[in-house]
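Enquirer: Residue numbering for the sequence shown follows the numbering used here, starting at 53 and increasing by one per position.
My questions all concern the structure below.
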Amino acid sequence: LSSNRLEVNYEFEVYDGALFYHYSPEQLETDQVSLMEPLKLLETVRFPLMEPQILQRLHDKLSPCPLKDTVGDALMYHKNECLQPMLQSSQTQLRSEFQCVVGFGGMHSTPSIVLSDQAKYLNPLLGEWRHFTAALAPRMSNQGIAVLNNFVYLIGGDNNVSGFRAESRCWRYDPRHNKWFQIQSLQQEHADLSVCVVDNYIYAVAGRDYHEDLREVERYDPQSNTWEYVTPLKKEVYAHAGAALDGKMYITCGRRGEDYLKELQCYDPKTDCWEVLADGPVRRAWHGMAALLGKLYVIGGSNNDSGYRRDVHQV
53 LSSNRLEVNY EFEVYDGALF YHYSPEQLET DQVSLMEPLK LLETVRFPLM
103 EPQILQRLHD KLSPCPLKDT VGDALMYHKN ECLQPMLQSS QTQLRSEFQC
153 VVGFGGMHST PSIVLSDQAK YLNPLLGEWR HFTAALAPRM SNQGIAVLNN
203 FVYLIGGDNN VSGFRAESRC WRYDPRHNKW FQIQSLQQEH ADLSVCVVDN
253 YIYAVAGRDY HEDLREVERY DPQSNTWEYV TPLKKEVYAH AGAALDGKMY
303 ITCGRRGEDY LKELQCYDPK TDCWEVLADG PVRRAWHGMA ALLGKLYVIG
353 GSNNDSGYRR DVHQV
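Encoded structure:
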């Protein structure tokens, strides 16, 4: 019952399984159950993964005992929704042993320029993309995406309502309960930005607001649900990419005005300073960037010379 490989639809099934180990079906049906003393197998139940309505009913039913305290802690986890990324423990870990690639929103490749509110994940076992649904999914494109403590954050972007409009709104997706939560908005609108996570902070770097290119950098603190400005870039940039490595943040390439760039810059949170590093070999924008095994990789994108690119460079 403590395994991450346990195949259950709801955590309440684990709770039921633990009770069935200690009591017969007849005892459970006639409520001949005493929960005043801790039951060993109930330690395997991840109560924060249960729905708050079920937890509340269980809490109301219990007399004062250690289990009631445990259920009360799980209820407090749900009530502190804003702080949940900072309240993670073995009790809040999903019952899964594989990681997947997720994709959110974007723009359909049609002349109508329709924005998508779809969310998809790549199942690594089957090698195929599948839809997953959640209420109140934002309909955005050109947003920044980051993962912190197994929550997905969508930062800024644009919303095609009567023409492109840069956004300051931000959302957080919780795969544990398949739901969205709107966090504090950026202090200004950012689209075509890059987003990185360093030391439990989320950084939103530059971009544009469709009036001008930006060089401002904002940092999000999930503990206080606030954004603050840190040292800006020396020059404006949008459609760049970023990745974190060894406690620092790196951004590559992008555009400034109509010009494609091949710049590489590094931000050190300890000194709150940017450093300009050696240029890359190719100008590009709207590309990807990733850190893997101590190396940085710049992937794809586009430029005026060859249109869409498929090359990969190691930084």
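Don't be surprised by glycine CBs; every beta carbon is placed ideally from N, CA and C.
As the structure is a computational prediction, the values presented were derived from the model and not from experiment.
1. Along the alpha helix (DSSP H) that carries His74, what are the first and last residues, could you check?
2. Shortest alpha-carbon distance to Val379 belongs to which of Arg228, Pro176, Cys318?
3. Where do the N-terminal and C-terminal ends of the beta strand (DSSP E) with Leu266 fall, by residue?
4. What do you get for Phe150, buried or exposed, if any count of 16 or more other CB atoms within 10 angstroms of its CB means buried?
5. Would Gln234 and Tyr281 be called neighbours here (beta carbons separated by less than 8 Å)?
6. Let me confirm a value: His339 is counted as buried when at least 16 other C-beta atoms fall within 10 Å, else exposed. Which label applies?
7. Based on the DSSP output, what are the partners of Ser354 in its beta bridges?
8. Looking only at its own chain, which residues have a Cβ that is under 8 Å from the Cβ of Leu200, when we skip the five neighbours before and after it?
9. Less than 8 Å between the beta carbons of Tyr302 and Leu348, yes or no?
10. On the DSSP bridge list, what partners appear for Ile378?
11. Rounded to the nearest angstrom, what separates Pro77 and Pro100 at their Cα positions?
12. Which two residues bound the contiguous alpha helix (DSSP H) that contains His130?
13. Using DSSP's beta-bridge definition, name the partner residues of Val249.
14. Taking buried to mean at least 16 other C-beta atoms within 10 Å of its own C-beta, is Pro190 buried or exposed?
15. Indicate whether Arg308 and Val289 have their beta-carbon atoms separated by less than 8 Å.
16. Would you kindly check if the distance between the Cβ of Ala330 and the Cβ of Leu297 is under 8 Å?
17. Going by beta-carbon coordinates alone, are Lys314 and Gly294 separated by less than 8 Å?
18. What does a CB cutoff of less than 6 Å around Gly155 pick up in its chain, not counting 5 residues either side in sequence?
19. What's the call for Ser246, buried or exposed, on a 16-neighbour Cβ count within 10 Å?
Expert: Considering the structure as presented:
1. 64 to 74
2. With the chain covering only 53 through 367, there is no way to say anything about residue 379.
3. 265 to 273
4. exposed
5. no
6. buried
7. Ala337, Tyr360
8. Pro137, Val249, Asn252, Ile254, Pro274
9. yes
10. Summary: the structure shown does not reach residue 378, with the chain confined to residues 53 through 367, and so no result is reported for it.
11. 26 Å
12. 118 to 131
13. Ile254
14. buried
15. yes
16. no
17. no
18. Lys172
19. buried
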